[in-house]
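S.K.:
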Amino acid sequence: MKLIVKKCLSILFVSALLLLVIIPAPLISEQQSYSNSIEDDFQDLKRNLPSLRNMLFLDPAPSSNYDDREGKKVSMVIVHHTESPTLKSTKCALNSTGISVQLIVDRDGSITLMVPLEKRAWHAGISYAKVQTDNVVEELQKLNDYSIGIEIVNTGLEPFPEEQMQSVKDLILYLMKRFKIRKDMIFSHAEVGTIVYNSAIEGYTIRKPDPHKLFDWELLEKNGIGLHIGDKIGLQDAEQKIGEVLYKVGDKNKSILKLKKRLNNFFYKILPWHDKEGNVIFPDNNVGYSDEFDENFVWVVNQFSMRHLPKGIRKGLLLKLEREDILPELLGEYGSCAFNKFTSLSDRIKTSLQPPFLNEEDYKCLLSSLVQYGNNISSDAFATLMYKIKLYYDSYLRYNISSSLYMPFKLNAFAKLDALKNEVLFLKSMSSEKATEVSSLINEFRSEVLSDFENFEKQWFQEFKDTWKQKFIPNMEKQMSWTALHETILEYLEKAKEEVVRN
Ligand SMILES: [Zn+2]
Numbered sequence: 001m002k003l004i005v006k007k008c009l010s011i012l013f014v015s016a017l018l019l020l021v022i023i024p025a026p027l028i029s030e031q032q033s034y035s036n037s038i039e040d041d042f043q044d045l046k047r048n049l050p051s052l053r054n055m056l057f058l059d060p061a062p063s064s065n066y067d068d069r070e071g072k073k074v075s076m077v078i079v080h081h082t083e084s085p086t087l088k089s090t091k092c093a094l095n096s097t098g099i100s101v102q103l104i105v106d107r108d109g110s111i112t113l114m115v116p117l118e119k120r121a122w123h124a125g126i127s128y129a130k131v132q133t134d135n136v137v138e139e140l141q142k143l144n145d146y147s148i149g150i151e152i153v154n155t156g157l158e159p160f161p162e163e164q165m166q167s168v169k170d171l172i173l174y175l176m177k178r179f180k181i182r183k184d185m186i187f188s189h190a191e192v193g194t195i196v197y198n199s200a201i202e203g204y205t206i207r208k209p210d211p212h213k214l215f216d217w218e219l220l221e222k223n224g225i226g227l228h229i230g231d232k233i234g235l236q237d238a239e240q241k242i243g244e245v246l247y248k249v250g251d252k253n254k255s256i257l258k259l260k261k262r263l264n265n266f267f268y269k270i271l272p273w274h275d276k277e278g279n280v281i282f283p284d285n286n287v288g289y290s291d292e293f294d295e296n297f298v299w300v301v302n303q304f305s306m307r308h309l310p311k312g313i314r315k316g317l318l319l320k321l322e323r324e325d326i327l328p329e330l331l332g333e334y335g336s337c338a339f340n341k342f343t344s345l346s347d348r349i350k351t352s353l354q355p356p357f358l359n360e361e362d363y364k365c366l367l368s369s370l371v372q373y374g375n376n377i378s379s380d381a382f383a384t385l386m387y388k389i390k391l392y393y394d395s396y397l398r399y400n401i402s403s404s405l406y407m408p409f410k411l412n413a414f415a416k417l418d419a420l421k422n423e424v425l426f427l428k429s430m431s432s433e434k435a436t437e438v439s440s441l442i443n444e445f446r447s448e449v450l451s452d453f454e455n456f457e458k459q460w461f462q463e464f465k466d467t468w469k470q471k472f473i474p475n476m477e478k479q480m481s482w483t484a485l486h487e488t489i490l491e492y493l494e495k496a497k498e499e500v501v502r503n
């Protein structure tokens, strides 16, 4: 027994010695220098990105907004644009909705670290990539497990400044080196975010449009990040080739089935995330593809176009259409309708409560409360709202029309109405009979105006749906058909990927 223990000990001792000899010193210290601490990550970033030293910030996200990778290894980077217009609003939106991202790059190129890099942040959601590691091809979902997310401050309608792109580049190079991430494992959220069926528009669409078409994939590729054809094709050549449509929606043949398999092998999810009935379709496995260029496949081609067509062509592609892109002209009409209703309500209340039903003092208060409320919902108020919406519409901030202009306006109209009701009901000389009467008048008005707002929203959405079907989709033919340019690019990418994976 003793002997065995002694023998074991000596084996242990010899192996320990061997380990010390075999493992080169730098590897040990490299492993030791990284830990799960965000402070260590921050210091490491500072050491490795000396030119950005003063542009690096640490702002830890609440630890309830991220978790462990459960044994999965970091093997990819996913880039996003924020849609939110500023760094501050982005951090607010992330923290308050319980989602997270490891890093944010602001317009000036400054970088904020929010989640320890070894931890799993929640930025990619439903996602898919077919990847090859050590001769094993795997279909991965829930890419948060494997990825580091970078949010880039951009509303989705503006170019990415050079300083910002430079920082994104430096940051990804750092991550690639530290986590040994292959160059083909740099993805956009749009291309891994999958296609979904959207019952509201009764059609398929991409889940995520970010980062948008003006993102400088060419700059990254030049620096060894991601796969892209870059300047290996001239603009003239590209323009000619994009005119040669090989397959388009509705076509049906064996080569389309082959193309779907090639795109899936390249890493795209071909089938939507879930079908019309809401059943999740995973894995793809090249199985169950039809030989038709169907209405969901056009979106896969769009994902490919937005990411891989050359810059000169890409900048002319149509972006995702949002409800906010349809100017809600009808709001003005609904507005004057609501104001007329209020005028008649106001008249009825005045007639019903005029002295002697209220004393003079209370009646004066009542009149002033009514006038004040009227200002919130007057034609002027709606005109001002429409004016602001038009300003937003002409700027890159139009994605905010609903959340920053329309909704607050609507909520304010009802909050102030509740306040008005309280004011009136608590007038000292108000009898309980009159209080009941006025209360029900105001309630009636409230529900009528609420239904006006709801009708307006329905009409706004209907207009969006019509524009989607009649104008938007037909105009997207270039990015939704498979052309000779797409074919040339895919062939190039397949070769480039093979080379990267082989090495
Ligand atoms: Zn995203």
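Position 72 of the sequence shown, counting from 1, maps to 72 under my numbering, and the rest follow consecutively. All C-beta atoms, glycine included, are put in the ideal place defined by N, C-alpha and C. Please read all numbers here as calculations on a predicted model, not as lab measurements.
Could you check if H212 belongs to the surroundings of ligand 1, using beta carbon to heavy atom distance under 7 Å?
M.R.: Taking the sequence shown and counting its residues from 1, the one referred to as residue 212 is at position 212. It does not: the Cβ of H212 is nowhere closer than 7 Å to a heavy atom of ligand 1.
S.K.: Put T97 into one of helix, strand or coil per three-state DSSP.
M.R.: As a first step, residue 97 is located in the sequence shown; it is residue number 97 there, counting from the start. In this structure, T97 counts as helix in the three-state DSSP scheme.
S.K.: Excluding five sequence neighbours on each side, which residues of the same chain lie with their C-beta closer than 6 Å to the C-beta of L493?
M.R.: As a working note, residue 493 is residue 493 in the sequence shown. The residues are L227.
S.K.: Could you tell me if F333 is buried or exposed, where buried requires 16 or more neighbouring beta carbons within 10 angstroms of its beta carbon?
M.R.: For the purposes of this step, residue 333 is taken as residue 333 along the sequence shown, with counting starting at 1. Contrary to the premise, residue 333 reads as Glu rather than Phe in this sequence. E333 is exposed by the Cβ-count criterion.
S.K.: Hey, would you say the C-beta of K510 is under 7 Å away from at least one heavy atom of ligand 1?
M.R.: The structure shown does not extend to residue 510, since the chain is modelled only from 1 through 503, so no value can be given for it.
S.K.: Rounded C-beta distance between S293 and G243? I'm assuming under 8 Å.
M.R.: To locate residue 293, count along the sequence shown from 1; it is residue 293. To locate residue 243, count along the sequence shown from 1; it is residue 243. Looking at the sequence itself, residue 293 is Phe, so the reference to Ser does not match. Incorrect: roughly 18 Å between the Cβ atoms, too far for contact.
S.K.: Expressed to the nearest angstrom, what Euclidean distance is found between the alpha-carbon atoms of Y146 and E477?
M.R.: If you number the sequence shown from 1, residue 146 lands on position 146. If you number the sequence shown from 1, residue 477 lands on position 477. So the two alpha carbons sit approximately 34 Å from each other.
S.K.: Decide yes or no for the touch test of the region 36 to 49 against the region 156 to 164: beta carbon pairs closer than 8 Å, at least 3 of them.
M.R.: As far as the Cβ criterion goes, the region 36 to 49 does not touch the region 156 to 164, which means the pair count is below three.
S.K.: Quick check: what's the CA-CA separation for L319 versus V196?
M.R.: For this step, residue 319 is matched to residue 319 along the sequence shown. For this step, residue 196 is matched to residue 196 along the sequence shown. Roughly 17 Å separates the two Cα atoms.
S.K.: Could you tell me if the beta carbon of H189 falls within a distance shorter than 7 Å of some heavy atom in ligand 1?
M.R.: As a first step, residue 189 is located in the sequence shown; it is residue number 189 there, counting from the start. Yes - ligand 1 has a heavy atom lying nearer than 7 Å to the Cβ of H189.
S.K.: So, with DSSP's three-state summary, where would you put V105?
M.R.: Taking the sequence shown and counting its residues from 1, one reaches residue 105 at position 105. V105 falls in the strand class under three-state DSSP.
S.K.: What are the boundary residues of the beta strand (DSSP E) that L140 is part of?
M.R.: As a first step, residue 140 is located in the sequence shown; it is residue number 140 there, counting from the start. Run containing L140: 136 to 141, per the beta strand (DSSP E) assignment.
S.K.: Taking C-alpha atoms, which residue in P408, V438, T133 lies nearest to V500?
M.R.: Looking up residue 500 in the sequence shown gives position 500. Among P408, V438, T133, the Cα nearest to that of V500 is on T133.
S.K.: Tell me which same chain residues have a C-beta within less than 7 Å of the C-beta of S429, skipping the five on either side of it?
M.R.: Numbered from its first residue, the sequence shown carries residue 429 at position 429. So the qualifying residues of the chain are L358, N359, D362.
S.K.: Since V449 is in the beta strand (DSSP E), which residue starts that stretch and which ends it?
M.R.: Residue mapping note: residue 449 aligns to position 449 of the sequence shown, counting from 1. Careful: V449 lies outside any beta strand (DSSP E), inside the alpha helix (DSSP H) at 432 to 467.
S.K.: Is S336 helix, strand or coil by DSSP?
M.R.: Numbered from its first residue, the sequence shown carries residue 336 at position 336. Helix at S336.
S.K.: Only counting the same chain, and skipping five residues up and downstream in sequence, which positions put a Cβ closer than 6 Å to that of P26?
M.R.: The residue given as residue 26 occupies position 26 in the sequence shown. Only weak support is given to the placement of P26: the predicted model assigns it a pLDDT of 44, under 50, and the value that follows is read from those uncertain coordinates. So the list is empty, once near-sequence residues are dropped.
S.K.: Could you please give the first and the last residue of the uninterrupted alpha helix (DSSP H) stretch that includes K388?
M.R.: Taking the sequence shown and counting its residues from 1, one reaches residue 388 at position 388. First-last of the alpha helix (DSSP H) with K388: 379 to 394.
S.K.: For the beta strand (DSSP E) containing E203, list its first residue and its last residue.
M.R.: By one-based count along the sequence shown, residue 203 stands at place 203. The sequence shown places Gly at residue 203, rather than the Glu named in the question. Element bounds for G203: 203 to 206.
S.K.: Residue range of the beta strand (DSSP E) that K130 falls in?
M.R.: Residue numbering aside, residue 130 sits at position 130 when the sequence shown is read from its first letter. Element bounds for K130: 128 to 133.
S.K.: Could you spell out where the beta strand (DSSP E) holding F187 opens and where it closes?
M.R.: Indexing the sequence shown from 1 puts residue 187 at position 187. Per DSSP, F187 belongs to the beta strand (DSSP E) from 186 to 188.
S.K.: If I'm right that L103 touches I150 with Cβ under 8 Å, what's the distance once you round it to whole angstroms?
M.R.: Within the sequence shown, residue 103 is the residue found at index 103, counting from 1. Within the sequence shown, residue 150 is the residue found at index 150, counting from 1. Indeed, because the Cβ distance is near 5 Å, the residues count as touching under 8 Å.
S.K.: Compute every distance between the C-beta of H80 and the non-hydrogen atoms of ligand 1, then say whether any falls below 7 Å.
M.R.: The residue you call residue 80 lines up with position 80 of the sequence shown. H80 Cβ: within cutoff of ligand 1.
S.K.: Check this for me: beta carbons of Y399 and E322, under 8 Å apart or not?
M.R.: If you number the sequence shown from 1, residue 399 lands on position 399. If you number the sequence shown from 1, residue 322 lands on position 322. Cβ distance < 8 Å, so Y399 and E322 count as in contact.
S.K.: So G193 is in the beta strand (DSSP E); what residue range does that whole segment cover?
M.R.: Your numbering for residue 193 matches position 193 in the sequence shown. Where G193 is concerned, there is no enclosing beta strand (DSSP E), given that its DSSP letter is neither H nor E.
S.K.: Could you tell me if K495 is buried or exposed, where buried requires 16 or more neighbouring beta carbons within 10 angstroms of its beta carbon?
M.R.: The residue labelled residue 495 in the question sits at position 495 within the sequence shown. So K495 counts as exposed.
S.K.: Flag this pair as touching only if the region 403 to 414 and the region 375 to 389 have three or more C-beta atom pairs under 8 Å; answer yes or no.
M.R.: Contact holds: three or more Cβ-Cβ distances are below 8 Å.
S.K.: According to DSSP, simplified to helix, strand and coil, what is V249?
M.R.: For the purposes of this step, residue 249 is taken as residue 249 along the sequence shown, with counting starting at 1. If DSSP states are grouped into helix, strand and coil, V249 belongs with coil.
S.K.: What are the boundary residues of the alpha helix (DSSP H) that E151 is part of?
M.R.: Locating residue 151 in the sequence shown gives position 151, counting from the first residue. That residue, E151, is in no alpha helix (DSSP H); its beta strand (DSSP E) goes 147 to 152.
S.K.: Can you say whether K315 is buried or exposed, counting buried as having 16 or more other CB atoms within 10 angstroms of its CB?
M.R.: Counted from its first residue, the sequence shown places residue 315 at position 315. It is exposed - the Cβ of K315 has fewer than 16 other Cβ atoms within 10 Å.
S.K.: Leaving out five residues on either side along the sequence, give the residues of the same chain with a beta carbon under 6 Å from the beta carbon of L271.
M.R.: Locating residue 271 in the sequence shown gives position 271, counting from the first residue. Hits under 6 Å: I281, D284.
S.K.: Hey, could you find the ends of the alpha helix (DSSP H) V287 is sitting in?
M.R.: Within the sequence shown, numbered from 1, the residue matching residue 287 stands at position 287. From DSSP, V287 is part of no alpha helix (DSSP H); its letter is neither H nor E.
S.K.: According to the neighbour-count rule (16 or more other Cβ atoms, all chains shown, within 10 Å of its Cβ), is F187 buried or exposed?
M.R.: As a first step, residue 187 must be located in the sequence shown, where it is residue number 187. The residue is buried, with at least 16 neighbouring Cβ atoms inside 10 Å.
S.K.: So, is P355 buried or exposed, given that buried needs 16 or more other C-beta atoms within 10 angstroms?
M.R.: Reading the sequence shown from its first residue, position 355 is the one you call residue 355. Exposed is the call here.
S.K.: Go ahead and pull the three-state DSSP assignment for I78.
M.R.: Counted from its first residue, the sequence shown places residue 78 at position 78. Residue state, collapsed to three classes: strand.
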